[in-house]
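In the UniProt record's numbering, the protein residues as written are 1 to 233.
The following block contains the structure:
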């Protein structure tokens, strides 16, 4: 599949070429905290099976891999891990944010080497996480039983040298990060489909009004668009 840079115009990249990942990664220098989502024209982020698998493409997966390769960690919510299955990236760490510590049904391999997964949650949820998460992980506990403040989580990651973070969802976590004004860049793939059922791109969280600047726009031959947006703070 071919990716074409529309703004700024220039690169044409064959996503099957040996140097494709390096060339795509060069278009996505890490900004700090970015979010990366794929959505249909009506804002749908999940197919009928409750995952993003049915709305992604080879080019979208190539962009996803390139973004991961320039990130120190991939951040997801526990619900996304349970729904999407195997999310541990090959090239970087995985950070999972949880409130309850319940990972029942999460399809994570149990042969992942220690140190690759960090779970962040309240201290009251650690025991449940130890019972239900099958892979080796480190638990960063925040005192109490309530949801971890997002800025506390980000500080914990940066203290570990994980400064370049990409959040891959779910939509509600993305909306909460936007509402807290913590996001430096939004990478949004828009696929030329309408799912025809109500879904909210940010999972019902209300980030409030935001002005954004278009940093980059790519397209593939199916009509999917790959945009980088930056808040104009």
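Built from N, CA and C at the ideal position, the CB exists for glycine as well.
This one's a predicted model, so the numbers in the text were calculated from it and none came from an experiment.
Please identify the residue among the options whose C-alpha is closest to the C-alpha of residue i.
| i | options | result |
| --- | --- | --- |
| residue 194 | 19, 233, 46 | 46 |
| residue 75 | 89, 41, 63 | 89 |
| residue 35 | 192, 172, 224, 219 | 172 |
| residue 232 | 9, 82, 213 | 213 |
| residue 157 | 185, 138, 8 | 138 |
| residue 29 | 12, 68, 6 | 68 |
| residue 72 | 78, 20, 159, 203 | 159 |
| residue 147 | 120, 192, 87 | 120 |
| residue 56 | 19, 229, 223, 182 | 223 |
| residue 180 | 125, 217, 154, 123 | 154 |
| residue 167 | 33, 6, 5, 10 | 33 |
| residue 84 | 206, 54, 43 | 54 |
I'd like to know whether the C-beta of residue i is nearer than 9 Å to at least one C-beta of chain B.
| i | result |
| --- | --- |
| residue 97 | Any reference to chain B falls outside this structure, which holds one protein chain only. |
For residue i, does the three-state DSSP call read helix, strand or coil?
| i | result |
| --- | --- |
| residue 60 | helix |
| residue 171 | helix |
| residue 2 | strand |
| residue 98 | coil |
| residue 256 | Lying outside 1 to 233, the shown extent of the chain, residue 256 is not represented and no answer is given. |
| residue 152 | helix |
| residue 203 | coil |
| residue 294 | Look at the range of the chain in this structure, 1 to 233, and you will see that residue 294 is not part of it. |
| residue 75 | strand |
| residue 157 | helix |
Please report how far the alpha carbon of residue i lies from the alpha carbon of residue j, in whole angstroms.
| i | j | result |
| --- | --- | --- |
| residue 169 | residue 38 | 10 Å |
| residue 237 | residue 175 | Residue numbering for the chain in the displayed model covers 1 to 233; residue 237 lies beyond these limits and cannot be assessed. |
| residue 105 | residue 197 | 26 Å |
| residue 141 | residue 118 | 11 Å |
| residue 112 | residue 130 | 15 Å |
| residue 100 | residue 61 | 30 Å |
| residue 259 | residue 14 | Any property of residue 259 remains undetermined from this structure, which presents the chain solely from 1 to 233. |
| residue 136 | residue 94 | 12 Å |
| residue 63 | residue 26 | 11 Å |
| residue 164 | residue 184 | 10 Å |
| residue 201 | residue 178 | 12 Å |
| residue 102 | residue 80 | 12 Å |
| residue 132 | residue 124 | 14 Å |
| residue 225 | residue 5 | 10 Å |
| residue 126 | residue 10 | 49 Å |
| residue 128 | residue 134 | 12 Å |
| residue 192 | residue 227 | 14 Å |
| residue 92 | residue 116 | 7 Å |
Who does residue i pair with in a DSSP beta bridge?
| i | result |
| --- | --- |
| residue 189 | 38, 226 |
| residue 7 | 217 |
| residue 12 | 4 |
| residue 140 | 120 |
| residue 33 | 165 |
| residue 231 | 212 |
Please classify residue i: is it buried, with 16 or more other beta-carbons within 10 angstroms of its beta-carbon, or exposed?
| i | result |
| --- | --- |
| residue 2 | exposed |
| residue 22 | exposed |
| residue 17 | exposed |
| residue 41 | exposed |
| residue 143 | exposed |
| residue 208 | exposed |
| residue 220 | buried |
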